[in-house]
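*Asks:* Residue numbers (the UniProt record's numbering), protein chains in the order written: chain A, 1 to 154; chain B, 1 to 99.
Submitted below is the structure of interest, expressed as structure tokens.
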């Protein structure tokens with residue numbers, strides 16, 4: 001089970017988010033944590049219900065808030081989510097892992113902009129490590145097969 | 001870095017509304033959101049910093065510091081929340097068995 005698939009499944013469930021500074025954010029009913037490829041921001045959006053925020057020993061209820069992803073220490077996910085995750089992994093067993101599309105790297109390869117190229121490379125190394133390796137070993141042409149093979153060997 | 005369009009932030013609905021912003025390092029600022037960009041740099045008008053207790057930086061005191069029109073650097077922004085609908089509540093986690 002991948003952390004991101006757990007979090008995706010946990011969308012819509014209450015969860016507790018502890019931040020690195022010790023603050024707690026408790027979300028009811030709807031939390032949408034989007035950890036994008038660069039995991040920049042998590043948006044915590046309970047549209048109708050409240051977010052309870054502990055601030056020292058004071059508590060606040062607010063309709064919604066945005067939290068910077070890198071300040072999150074951990075997310076406490078309700079137990080029932082884990083069963084749903086497994087269902088989901090079965091149904092999408094042969095799907096590509098997110099972010100392993102050729103698109104991102106293809107764009108990075110265009111070296112008209114030094115900065116953009118560097119960024120894309122960095123992302124590729126960080127997030128698409130497994131996919132890139134697999135493709136390299138699998139050789140050209142074996143797109144999805146190569147990926148699986150690479151992972152198996154590695 | 002944030003050049004991509006796929007942002008989850010929708011700050012447009014907070015424009016011209018009161019927002020509470022927490023910054024890395026612990027400062028808390030409340031102001032009217034006048035503008036923002038994709039790096040999360042924020043323009044706040046009539047900004048007021050809520051000063052913290054010198055002994056316990058997690059606690060805010062009633063002391064305030066008026067800042068006026070400011071730009072909050074996006075890299076320092078940790079939390080953005082609307083002030084509308086934000087109320088202080090009692091501890092919701094107090095339960096008989098302490099869970």
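A virtual CB, placed ideally from N, CA and C, is assigned to each residue, including glycine.
1) Would residue 29 of chain B and residue 12 of chain B be called neighbours here (beta carbons separated by less than 8 Å)?
2) Roughly how far, in whole angstroms, is the beta-carbon of residue 82 of chain A from the beta-carbon of residue 17 of chain A, given that I think they are within contact range, below 8 Å?
3) Please say whether residue 21 of chain B and residue 72 of chain B have beta carbons closer to each other than 8 Å?
4) In whole angstroms, what separates the C-alpha of residue 33 of chain B from that of residue 51 of chain B?
5) Could you check the C-alpha separation between residue 49 of chain B and residue 77 of chain A for me, to the nearest Å?
6) Which residues, taken in chain order from the segment 67-91 of chain A, show a beta carbon closer than 8 Å to some beta carbon of chain B?
7) What does the alpha-carbon distance come out to for the pair residue 12 of chain A and residue 70 of chain B?
8) On the CB-based measure, 16 or more other CB atoms within 10 Å of its CB, does residue 100 of chain B come out buried or exposed?
9) For residue 71 of chain B, which beta-bridge partners are listed by DSSP?
*Replies:* Answer, in terms of the structure:
1) no
2) That belief does not hold up - the Cβ atoms of residue 82 of chain A and residue 17 of chain A are roughly 18 Å apart, past 8 Å.
3) yes
4) Between residue 33 of chain B and residue 51 of chain B, the C-alpha separation is close to 20 Å.
5) 33 Å
6) 67, 68 and 71
7) The C-alpha of residue 12 of chain A lies about 35 Å from the C-alpha of residue 70 of chain B.
8) Only positions 1 to 99 of chain B appear in this structure, which leaves residue 100 of chain B out of reach.
9) B:43
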